[in-house]
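K.L.:
In the numbering used here, the protein residues as written are 18 to 380.
The structure follows.
This is the structure:
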């Protein structure tokens with residue numbers, strides 16, 4: 018039997034689950050009216066017990082209808098606030114379309130998920146002829162790059178609060194903007210506030226367009242394989258991943274007792290070796306950054322640290338977490354005279370996301 022439900026986009030199906038509760042509907046409508054509110058403010062205003070509210074907040078966040086961010090007060094204390102996501106706003110307004118139409122002066126359309134230093138297109142469609150001007154307020158990590166159909170002076174475009182007069186729109190009722198995203202501050206809510214005023218300077222509508230600035234996350238993990246002297250290196254893409262290019266695997270080692278740096282001998286593939294091993298070398302490694310093996314010569318235990326340097330699709334540089342593991346030296350062959358040259362058994366575990374060859378610590 019055909020499932021007509023499957024024709025609904027997944028995010029809409031999830032959102033409808035979030036709406037299927039009276040308390041959650043109260044929370045959503047409260048945030049639609051009041052914008053950002055703390056947990057305590059929501060609890061007091063709606064008279065919902067904290068335990069119940071915590072459950073409903075988590076559910077709404079899981080279904081993408083709200084999200085939280087942190088900001089500091091005048092005493093540098095950090096507090097959590099909750100706001101409707103752009104999806105939450107869109108769904109509520111569709112459901113309330115008949116009641117909201119008479120109060121709607123403009124409609125916002127734009128891209129809400131972007132990378133740092135990426136262009137954000139935003140279109141403001143004015144549908145009420147009584148709108149005299151629009152005032153846009155940008156958070157710290159958003160700036161105006163260009164106005165597509167409005168002649169704005171350069172000095173004005175550099176401000177964080179910019180006024181646009183509807184009589185000066187080059188295309189009737191439409192304002193097209195190109196914005197630029199930056200890496201946000203730790204506690205910043207990245208957004209654009211749009212306010213519409215009539216010719217009596219009365220505010221007739223206010224909307225906040227939230228922007229999610231993505232960071233491509235890569236996590237590195239270190240673990241022993243079946244042999245005590247062998248090390249498995251695994252790189253995992255995390256949930257918030259966007260297109261990345263692998264740059265370099267960084268490696269350092271430190272003597273456990275003296276805390277002094279220990280030399281890491283990194284050995285690369287020769288061209289013919291690289292080409293003959295293409296079937297087993299993970300695709301993210303090219304000839305320049307693929308490591309055949311690395312050797313640490315030490316008579317003491319060492320702490321090995323590794324991290325990854327990588328770029329997103331528009332050139333922003335990132336570093337992964339720093340993974341560390343403590344390694345013991347080993348003797349290569351007890352039947353022969355001890356040697357400083359270890360035997361390294363390179364191996365690639367294709368069951369992981371990305372895996373590099375193994376490494377040893379030589380006695």
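No residue lacks a Cβ here, since even glycine has one placed at the ideal position from N, Cα and C.
Treat the numbers as computed from the prediction; the structure is a model and nothing was measured.
Which of the three DSSP states is assigned to residue 312 in this structure?
P.N.:
To locate residue 312, count along the chain shown from 1; it is residue 295. Reduced to three states, the DSSP call for residue 312 is strand.
K.L.:
Please report how far the alpha carbon of residue 136 lies from the alpha carbon of residue 278, in whole angstroms.
P.N.:
One-based indexing of the chain shown puts residue 136 at position 119. One-based indexing of the chain shown puts residue 278 at position 261. So the two alpha carbons sit approximately 43 Å from each other.
K.L.:
Whole angstroms are fine: how far does the CA of residue 312 sit from the CA of residue 287?
P.N.:
For the purposes of this step, residue 287 is identified with residue 270 of the chain shown, where counting begins at 1. For the purposes of this step, residue 312 is identified with residue 295 of the chain shown, where counting begins at 1. Taking the straight line from one Cα to the other gives about 17 Å.
K.L.:
Identify whether residue 200 lies in helix, strand or coil by the three-state DSSP scheme.
P.N.:
As a first step, residue 200 must be located in the chain shown, where it is residue number 183. Three-state result, residue 200: coil.
K.L.:
Taking DSSP as the reference, what is the three-state secondary structure of residue 295?
P.N.:
Within the chain shown, the letter at position 278 stands for residue 295. Reduced to three states, the DSSP call for residue 295 is coil.
K.L.:
Tell me whether residue 159 is buried or exposed, calling it buried when 16 or more other Cβ atoms sit within 10 Å of its Cβ.
P.N.:
As a first step, residue 159 must be located in the chain shown, where it is residue number 142. Buried, by the Cβ-count rule.
K.L.:
Locate the alpha helix (DSSP H) running through residue 173, then write down its first and last residues.
P.N.:
Within the chain shown, numbered from 1, the residue matching residue 173 stands at position 156. Counting along the chain, the alpha helix (DSSP H) containing residue 173 begins and ends at 171–174.
K.L.:
Taking only three categories from DSSP, how would you classify residue 243?
P.N.:
Here residue 243 refers to the residue found at position 226 of the chain shown. Low confidence applies here, because residue 243 scores a pLDDT of 46, under 50, leaving its location unreliable; read the following figure in that light. Reduced to three states, the DSSP call for residue 243 is coil.
K.L.:
So residue 49 and residue 109 are supposed to be a Cβ contact under 8 Å. How far apart are they, rounded?
P.N.:
The count along the chain shown starts at 1 and reaches residue 49 at position 32. The count along the chain shown starts at 1 and reaches residue 109 at position 92. Right, the Cβ-Cβ distance comes to about 5 Å (below 8 Å), so this counts as a contact.
K.L.:
Would residue 333 and residue 326 be called neighbours here (beta carbons separated by less than 8 Å)?
P.N.:
What you label residue 333 is simply residue 316 of the chain shown in a count that begins at 1. What you label residue 326 is simply residue 309 of the chain shown in a count that begins at 1. Cβ atoms of residue 333 and residue 326: not closer than 8 Å.
K.L.:
Confirm, please, whether the CB-CB distance from residue 166 to residue 190 is below 8 Å.
P.N.:
Within the chain shown, the letter at position 173 stands for residue 190. Within the chain shown, the letter at position 149 stands for residue 166. Not in contact: residue 190 and residue 166 (Cβ atoms no closer than 8 Å).
K.L.:
Rank 60, 154, 197 and 229 by C-alpha distance to the C-alpha of residue 162 and give the top, closest one.
P.N.:
Numbered from its first residue, the chain shown carries residue 162 at position 145. Comparing Cα-Cα distances from residue 162 to each of 60, 154, 197 and 229, the minimum goes to 197.
K.L.:
Can you list, in chain order, the residues of its chain whose CB lies under 6 Å from that of residue 88, leaving out five sequence neighbours each side?
P.N.:
Start at 1 with the first residue of the chain shown, and residue 88 comes out as number 71. Only 204 meet the Cβ criterion.
K.L.:
Could I get the ranges of all uninterrupted alpha helix (DSSP H) runs contained in the region 31–94, with 4 residues as the minimum, in chain order?
P.N.:
Within the region 31–94, the complete alpha helix (DSSP H) runs of at least 4 residues are 39–51, 56–63 and 67–79.
K.L.:
Classify residue 381 as helix, strand or coil using the three-state DSSP reduction.
P.N.:
The structure shown has nothing for residue 381, since the chain only spans 18 to 380.
K.L.:
Determine whether the beta carbon atoms of residue 98 and residue 129 lie at a separation below 8 Å.
P.N.:
As a position in the chain shown, residue 98 is number 81, starting the count at 1. As a position in the chain shown, residue 129 is number 112, starting the count at 1. Not in contact: residue 98 and residue 129 (Cβ atoms no closer than 8 Å).
K.L.:
Please report how far the alpha carbon of residue 84 lies from the alpha carbon of residue 52, in whole angstroms.
P.N.:
Translated into the one-based positions of the chain shown, residue 84 becomes position 67. Translated into the one-based positions of the chain shown, residue 52 becomes position 35. Looking at the two C-alpha atoms, the distance is approximately 12 Å.
K.L.:
Please say whether residue 151 and residue 181 have beta carbons closer to each other than 8 Å?
P.N.:
In the chain shown, residue 181 corresponds to position 164, counting from 1. In the chain shown, residue 151 corresponds to position 134, counting from 1. Contact: yes.
K.L.:
So, are the CB atoms of residue 214 and residue 225 less than 8 Å apart?
P.N.:
In the chain shown, counting from the first residue as 1, residue 214 sits at position 197. In the chain shown, counting from the first residue as 1, residue 225 sits at position 208. The answer is no: Cβ separation not under 8 Å.
K.L.:
My guess is that residue 322 and residue 269 are in contact by the Cβ rule of under 8 Å, so how many angstroms apart are they, rounded?
P.N.:
Residue 322 sits at position 305 when you count from the first residue of the chain shown. Residue 269 sits at position 252 when you count from the first residue of the chain shown. Residue 322 to residue 269, Cβ: 5 Å. Contact.
K.L.:
Could you check what DSSP says for residue 228 in three-state terms: helix, strand or coil?
P.N.:
Locating residue 228 in the chain shown gives position 211, where the first residue counts as 1. In this structure, residue 228 counts as coil in the three-state DSSP scheme.
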